[in-house]
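Have a look at the structure below, then the notes.
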Amino acid sequence: MSAVNIRNVSKAFNEGKPNQVDALRDVNLEVQQGEFVSLIGPSGCGKSTLLRLIANLLEPSSGEVSVNGKSAVQARLDQDYGMAFQQAGLFDWRTVRKNIELPLELKGWEKPDRRARADEMLQLVQLPEFGDHYPWQLSGGMQQRIAIARALAAHPPLLLMDEPFGALDEMTREYMQGELLRICAATGTTVVFVTHSIPEAVYLSNRVVVMSPRPGRITKVVDVALGADRTEDTRNRTPFFEAITAVREGLRGMHAAHVGMGNDDR
Amino acid sequence: MSAVNIRNVSKAFNEGKPNQVDALRDVNLEVQQGEFVSLIGPSGCGKSTLLRLIANLLEPSSGEVSVNGKSAVQARLDQDYGMAFQQAGLFDWRTVRKNIELPLELKGWEKPDRRARADEMLQLVQLPEFGDHYPWQLSGGMQQRIAIARALAAHPPLLLMDEPFGALDEMTREYMQGELLRICAATGTTVVFVTHSIPEAVYLSNRVVVMSPRPGRITKVVDVALGADRTEDTRNRTPFFEAITAVREGLRGMHAAHVGMGNDDR
Amino acid sequence: MIALARRAAYRTAMFLVALALVVVIWETYKALGPVDGGKLLGVRILPRTSEYAMPHVWDMFSRFGRPEVRGSDRTVFASVLSGAWFSFRLSVAGFVLGGVIGVGLAVVMARFKLVQRGVLPYLVVSQTVPLIALAPLVVSWGGKLEVGPLVWPRWLSASVLGAFLAFFPIAVGTLRGLAAAPAASVELMQSYAASWSKTLVKLKFPTAIPYMVPAFRLGASASVIGVVVAEISTGLKGGIGRLIIEYAREATGDPAKVYTAIFGAAALGLTMAGVVVAVDVFVMRNRPKESIT
Amino acid sequence: GGSDDEAADDVAEETVEESTDEAAADTCTTPTPVKLQLQWFIQAQFAGFFAAQDQGFYADQCLDVTIVEGGVDIVPQTELANGNVDFAISWVSKALASREAGADIVNIAQVFQRSGTLQVSFKDKNITSPEDFAGKKIGNWGFGNEFEIFAALTKAGLDPAADVTLVQQQFDMVGLLSGDIDAAEAMTYNEYAQVLEAVNPATGALYTADDFNVVSYEEAGVGMLQDAIWASGERLASDAAYADTAAKFVAASLQGWAYCRDNVEACRDIVLAKGSKLGASHQLWQMNEVNKLIWPASSGVGYIDEAAWNRTATLSQETKNLEGGTVLTAAPDAGAYTNDIVTKALDILAGLGVDTSGSSYAPIDVTLNEGGN
Amino acid sequence: MNKFGGSLGTWLGKVLPAVVFGALFLGFWEWAVKFFELKPYFLTAPSAIWEQFVKNFPLIRGAATVSGTNALVGLVAGTVLGVAMSFVLSRFKFLNQIITPLAVALNAVPIFVLVAVLNNMYSITSEVPRRIMVALVVYFIVLVNVARGLTQVSSTHVELMRSYAASDVAILRKVRIPNAIPFLFVSLKIAAPAAVITAFVSEYFGGSQNGLGSRISSNIANSKNAAGWAYVLGACLLGLLFYSFSVVMEGLNRKGRAR
Ligand SMILES: Nc1ncnc2c1ncn2[C@@H]1O[C@H](COP(=O)(O)OP(=O)(O)OP(=O)(O)O)[C@@H](O)[C@H]1O
Ligand SMILES: Nc1ncnc2c1ncn2[C@@H]1O[C@H](COP(=O)(O)OP(=O)(O)OP(=O)(O)O)[C@@H](O)[C@H]1O
Ligand SMILES: [Mg+2]
Ligand SMILES: [Mg+2]
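Residue numbers (the numbering used here), protein chains in the order written: chain A, 1 to 266; chain B, 1001 to 1266; chain C, 2001 to 2293; chain D, 3001 to 3373; chain E, 4001 to 4259.
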């Protein structure tokens, strides 16, 4: 059973109206259990849309999405996945611990259980002493770690992440990448990860999916042969640079055309 | 005569108060005419502070800053430099052309001269047909190009840029890097450039200055041996990867210590 | 442009629906509600439905067509209209005066932190001084002012009182707006070695506009309130405030009539707000939509 | 002093009457500008002044009179003391309070010889004298018009702050008719008429005088002097021209009042033409009731009767209001009124052959229409 | 110790200019009255006002209690209604489209003219019309702000909740309401002084003569300007009290929140 299975999925916004946008067309993608797949592509190519379809926050216009062998709706209702966004999206009025507890609260967990799990998660993201702080008392990097802890709190088998490290500086970002890999390895979590950074995509992923816009399609899938165990040194190895070059090439052509049109998106 | 000369500069905020911050200590840096120097380092290490000292938006606590052989104040009053920030910072209520004209207006240029120069600049950043648009009608990348055009409009011999491409996606960013190199080569401008991205610093610079925080110091200067003519292929060459590795190594040690303390800045 | 017109039309329609709904509720309650109102624990919480308390809506509107006093060919409608027009002009004068004072104060306060700290608390206090205490003072002092051939016209007192209410939201909103310029833009102007006044004109005012517009909207209705109260208070003739009190005196015999003046006041307030909104749309036409709040 | 360019003043202009009398033009090249401050809006209460303006009596005295309307918060005597106007109409007790507060103003003519204040109540409340106010909700207008009520209460041995509930009336009499107020303050010439112009829902016809009990403060012995003409004391003393103007002004004004005594309907029309919003029958009623307060005037119209003056002054010192204060803390000094001016004025009028005592005065009968129309 | 000294210093720096300005203003006023020999019926000196304030303090306090109670009751009722209505409106789009233009329109209208109407509806002897008046003014301020707080939630938060398969009620409780609370306090800061002012203005049209508004006009009409302004001082203090209360409430709420 694959973790995510996307078959012939198309998605159009404002269908039938003059301002229709074909966000995705005929997308097929299968993600295996425990796999780490990154989506990369220019702005507006439908990465976030694809992630939202998997999360069942959007319905496809046509085609099918299944998660863990069930329909996407069912998977959402069962909370088979955790989600993290570019903005950490923590609730300012809740302590860090209460933020992590939120999905458990909604699942109806008992208070002691929630607390225990939240503490476990704080340990996992190496911020055990910050449970009673408020999010705004934390740095951006720490907030992002809390958001990941929240996404992982219910031990979902699948993690959906939309540019979670976009707001961090490069150093903190590389550190967080290492942490994410460590956590996912420890829990065996499947990850679908959206990013704009080629090195990030390559460093993290088993496969990098390159997309192109108008309409959003998958144009290339780059397998990354870096093995399971990635350290800081991985970034200095030849397969790393090779994969980077491959992804860049996949993106190059479309970008040149794109900028030439004088309407690259923000 | 060097374009920028920083001698034994220290800068402390809130000096003498309990919340004193030593943003910079004993910094020495000389930038030659026509040189492209990047500043890189973890958040809070004083990159922006150093740039502001050069721009005379701040006064050093001790030491001296000279620009084009004059004092920094004089250089500011003479508008010897142009400045660009992470956010394009265009004025929403002015057309693109009027945005570019702003520094000229403040210099007291005549209208026809301003207009001619603005058109020239629009040509330079390859957006000649957007003069009468408003900034918010442009994509992020285009806005950033306008901001650069504005910074260059008065033909300043020196360009100070604080993470100007931080808000762009990686593809647009690489494109903009190429544009910036092209423009600077065409005008012979000296550039001091702040960035968080190692590949960006390496790709653009003749020298990469690595800084460390608390107090802000220069810990390493990496010479980049990539020659004057840089193309997309430069990114696939070994000296590029070597320089990247050198910069990363320069940053590595301090960052580990930094995160370990659990108080990385935003 | 077409979208704008369509939205305006839709809003108007919605507004009319809302008004119709109010009329229906009014008449339904009048028909079904207890004549002496509803009391809870001895306190009347539901209104009475007598003619004095709730005249029929059609009675109110029929008064518009009647002559103002018997035998005169001037209708109530004409009176209300001219009263509203008179008060409108005074309100505009008060609004402009309040705007100038408010913006001026805001600029000075933005320039000198010391002034801001010294004055701002008293601006808040000033607004709690009831107009009724100020009205006689303004009239008396105004009457004393005489600069050469210029004498203080009586209507100016009303406008001044309108300005007294209008300047406060304008000063506060503008002050906030002037502080809203992004630090990066301020640094940019510094890097151009731009003077304080240049920075004010080229950066701070334009960034303040989105804050100033709602403030001006508040100021506009405050100015109307000030003028109407002042008209009543100082006995100034010709305006809607005066009409309200004159018609109110007739309420003993004709309870519906005073509503015509109230409607006039409502129309006046809406017109003032409308003018500000129109100016807003015009000024902001070249701005991104999001920055309009 | 008064300014001669009212033309610049849009609003005041409406009340300026051009001098139309050719006879005056011979002797009078530049009429003296005079500003008169009323204490309320245009209505027949001030008919004499408008009649004097309309009939050219002021012009005959070589005066160019501007009549300024009052407002809720306009204190006429303050306007006078500030020099914004030359003369003001004010009730005596209120004006004396201002005088005590430092306003140098002098009563130069007592137009109304009697108080016109009533307390009106429905018959079934059985309020026939101030003693009956006890425990009742007593309406009043505030703004200084309430002292006769306090005086009556005090005289009846009641404490205004404790023994009655005082309610400030709106500008209408709805509070009385809805039963919210047990007894409402009313002027004979105005609010009382309003009540009689309203439809009794029980009968469908207008209320009649039989429906109400009326307590008259004049009859209860606590009537205080009301509308009087006040002038600046300092200018009277130092400025002979002003004193002269004052006499002429009082003379022409009283001539106007005499005209209104004899031409009730014409005066109604003058007031209506000035833009009063109150209806014709109401204005006629008011004219008639006001005449009753002035005429007959045994010592000559405008003459200040010492007994009435003293009663007013005494009541002003003894009557405690809600806050426990009195209108006056001490007796007014002798300079607070003078009969010199009015005497001169009566001489002028005698020369013109005007009947200034109205000994044969008889009121007319007025029928009120619904809404005063 | 050091920290205390520092905070005392900044506190002084903030308050001192206001105190100095206030003292200068009062001093100038007092001086002007003396120097130009302004008569008390024209302008009274601050010292005379203060004297009257002290002398009449029990009366002023009584009147302030009456007006303050009206303002408070109206403020509370208006707030409760406004919050309740904003819940309803955020739930039912259509109602929102009908009510909002009405609210905006009414906001532009000098609604105090309704007091006379309300007095006739509810009886002039009752405090209810005044309280309704205050409530009405407060209601619209609260409604507009809180409705904005309920709807202007971060889309990330809403998507996150949907990814948890959370119900609308859960989203309301966990996202919308907490998000709207700062908006509520901001609106209270505007509404509190407005409530006091409306309470005075409502007394203007008649009714029981026990509040500050009626005392002020009655004293001034009787040329007791010093006493009148002593009541005005009471009015200012009452307004300040309400304003400070709302600022304190906002400050309390802000503790434990960002910014
Ligand atoms: N709710 C919506 N209504 C209409 N169009 C939408 C909507 N959401 C997304 N789109 C459009 O669909 C396309 C794909 O959007 P999407 O957000 O998936 O892009 P993306 O790849 O995530 O871009 P970015 O890198 O900027 O986040 C874009 O053209 C976008 O404008
Ligand atoms: N105006 C100021 N007052 C007090 N401290 C300041 C001020 N500006 C900067 N600092 C402090 O000085 C240090 C250096 O700041 P600076 O902005 O130069 O860092 P940076 O390297 O640009 O960081 P980033 O990468 O986050 O932009 C930081 O610790 C910062 O908190
Ligand atoms: Mg996206
Ligand atoms: Mg920086």
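Don't be surprised by glycine CBs; every beta carbon is placed ideally from N, CA and C.
**Asked** Would you call the stretch 2198–2207 of chain C and the stretch 2138–2149 of chain C in contact, with 3 or more CB pairs under 8 Å?
**Response** The stretch 2198–2207 of chain C vs the stretch 2138–2149 of chain C: no contact.
**Request:** Quick one: grab the DSSP three-state call for C:PRO2288.
**Result:** Here C:PRO2288 carries a coil assignment [DSSP, helix/strand/coil].
**Request:** Ignore the nearest five residues each way along the sequence and tell me which others in D:GLU3022's own chain have a CB closer than 7 Å to its CB.
**Result:** Bear in mind that the predicted position of D:GLU3022 carries a pLDDT of just 42, short of 50, making it unreliable; the figure below should be weighed with that in mind. The answer is none, since no qualifying residue turns up.
**Asked** Listing by chain order, which chain A residues have their CB less than 8 Å from the CB of B:ASP1092?
**Response** By Cβ distance, chain A contributes nothing, its closest Cβ being about 14 Å from B:ASP1092, past 8 Å.
**Asked** Taking all protein chains shown into account, do 16 or more other C-beta atoms lie within 10 angstroms of the C-beta of C:GLU2250, making it buried, or fewer, making it exposed?
**Response** C:GLU2250 should be labelled buried.
**Request:** Note down the Cα distance separating E:GLY4234 from E:PRO4058, rounded to an integer number of angstroms.
**Result:** Looking at the two C-alpha atoms, the distance is approximately 11 Å.
**Closest residue to A:SER205 among A:SER38, A:ASP22 and A:ASN5 (Cα-Cα distance)** = It is A:SER38 whose Cα lies nearest to the Cα of A:SER205.
**Item:** Unbroken alpha helix (DSSP H) run spanning D:PHE3057, endpoints
**Value:** Where D:PHE3057 is concerned, the enclosing alpha helix (DSSP H) stretches over 3057–3060.
**Asked** With a cut-off of 8 Å, does the C-beta of C:VAL2139 fall near any C-beta of chain D?
**Response** Chain D contact via Cβ: present.
**Prompt:** Where does A:ALA3 land, buried or exposed, given buried means 16+ other C-beta within 10 angstroms?
**Reply:** By the 10 Å Cβ count, A:ALA3 comes out buried.
**Asked** Closer than 8 Å, CB to CB, is C:LYS2198 near chain B or not?
**Response** Yes, its Cβ sits closer than 8 Å to a Cβ of chain B.
**Prompt:** Does the beta carbon of E:ALA4116 come closer than 8 Å to any beta carbon on chain D?
**Reply:** Residue-level contact check: E:ALA4116 touches chain D, since one or more beta carbons of chain D fall below 8 Å from its beta carbon.
**Request:** Anything in chain C within Cβ reach of D:ILE3270, meaning under 7 Å, just list it in chain order.
**Result:** Within chain C, no residue comes near D:ILE3270; the closest Cβ sits about 14 Å away, beyond 7 Å.
**Prompt:** According to the neighbour-count rule (16 or more other Cβ atoms, all chains shown, within 10 Å of its Cβ), is C:LEU2041 buried or exposed?
**Reply:** Taking every protein chain shown into account, the CB of C:LEU2041 has fewer than 16 other CB atoms within 10 angstroms, so this residue is exposed.
**Asked** Given A:GLY46, which residues of its chain have a CB within under 6 Å of its CB, disregarding the five upstream and five downstream residues?
**Response** If we look at A:GLY46 and ignore the five residues flanking it on each side, its Cβ neighbours are ALA23, LEU24 and GLY216.
**Prompt:** So does the stretch 3057–3073 of chain D actually touch the stretch 3031–3046 of chain D, counting three or more Cβ pairs closer than 8 Å?
**Reply:** Touching, yes.
**Message:** Using beta carbons (cut-off 8 Å, strictly below), is C:LEU2236 in contact with chain D?
**Reply:** Judged by the 8 Å Cβ criterion, C:LEU2236 is in contact with chain D.
**Message:** Counting only Cβ pairs nearer than 9 Å, list the residues of chain H close to D:PHE3057.
**Reply:** The displayed structure is made up of protein chains A, B, C, D and E, and chain H is not among them.
**Asked** Is there a Cβ from chain E that is less than 8 Å from the Cβ of C:PHE2015?
**Response** Taking a beta-carbon distance threshold of 8 Å, C:PHE2015 counts as an interface residue toward chain E.
**Message:** Relative to the C-alpha of C:VAL2096, which candidate in C:VAL2224, C:ASN2286 and C:VAL2017 has its C-alpha closest?
**Reply:** Of the residues C:VAL2224, C:ASN2286 and C:VAL2017, the one whose Cα lies closest to the Cα of C:VAL2096 is C:VAL2224.
**Message:** Between the alpha carbons of E:GLU4159 and A:ILE183, how many angstroms are there, rounded?
**Reply:** Just so you know, the alpha carbons of E:GLU4159 and A:ILE183 end up roughly 24 Å apart.
**Message:** Spatial neighbours of D:ALA3025 within its chain, please: C-beta separation below 6 Å, excluding the five flanking residues on both sides.
**Reply:** For D:ALA3025, the predicted model reports a pLDDT of 46, less than 50, meaning its position is unreliable and no value from the coordinates is stated.
**Asked** When the Cα of A:GLN143 is compared with those of A:VAL209, A:MET176, A:SER10 and A:THR195, which residue comes out closest?
**Response** A check of alpha carbon separations from A:GLN143 across A:VAL209, A:MET176, A:SER10 and A:THR195 identifies A:MET176 as the nearest.
**Request:** Look up C:PRO2067 in the DSSP assignment and say whether it is helix, strand or coil.
**Result:** In the structure shown, C:PRO2067 sits in a strand (DSSP, three-state: E or B).
**Request:** Can you check DSSP and say which residues form a bridge with D:ALA3166?
**Result:** Per the sequence presented here, residue 3166 of chain D reads as Leu, with Ala not at that position. Looking at the DSSP assignment, D:LEU3166 forms a beta bridge with D:ILE3138.
**Request:** With 8 Å as the limit, tell me which residues of the stretch 1186–1214 of chain B have their beta carbon closer than that to any beta carbon of chain A; keep them in chain order.
**Result:** Within the stretch 1186–1214 of chain B, the residues whose Cβ lies closer than 8 Å to some Cβ of chain A are HIS1196, SER1197, ILE1198 and PRO1199, listed in chain order.
**Message:** Going by DSSP in three states, E:VAL4088 sits in which element: helix, strand or coil?
**Reply:** E:VAL4088 falls in the helix class under three-state DSSP.
**Prompt:** Would a check of beta-carbon distances place E:PRO4110 closer than 8 Å to chain D?
**Reply:** So no, E:PRO4110 is outside the interface.
**Message:** Would D:ILE3074 pass as an interface residue toward chain C - the criterion being a Cβ-Cβ separation below 8 Å?
**Reply:** It does; some Cβ of chain C falls within 8 Å.
**Asked** Would you call E:TYR4122 buried or exposed, if buried means 16 or more other Cβ atoms sit within 10 Å of its Cβ?
**Response** That one is buried.
**Asked** Hey, would you say the C-beta of A:HIS196 is under 7 Å away from at least one heavy atom of ligand 1?
**Response** Flag set: Cβ of A:HIS196 near ligand 1.
**Item:** Selection from D:PRO3296, D:GLY3372, D:LEU3322 and D:GLU3069 that minimises the alpha carbon distance to D:TYR3361
**Value:** Closest in C-alpha terms to D:TYR3361, from the list D:PRO3296, D:GLY3372, D:LEU3322 and D:GLU3069, comes D:PRO3296.
**Prompt:** Can you find a C-beta in chain B that's less than 8 Å from the C-beta of A:THR245?
**Reply:** With 8 Å as the cut-off, A:THR245 counts as an interface residue toward chain B.
**Request:** Give the C-beta separation of C:ASP2073 and C:PRO2067 to the nearest angstrom, bearing in mind that I take them to be a contact with Cβ-Cβ under 8 Å.
**Result:** Right, their Cβ atoms sit about 6 Å apart.
**Prompt:** Under 8 Å between C-beta atoms, does B:ALA1257 make it to chain C?
**Reply:** Because B:ALA1257 carries a pLDDT of 44, less than 50, the predicted location of this residue cannot be relied on, and the following value inherits that uncertainty. Not a single CB atom of chain C sits nearer than 8 Å to the CB of B:ALA1257.
**Proximity winner among D:PRO3160, D:GLY3302 and D:GLU3069, relative to D:LEU3349 (alpha-carbon distances)** = D:LEU3349 has its Cα closest to that of D:GLY3302, out of D:PRO3160, D:GLY3302 and D:GLU3069.
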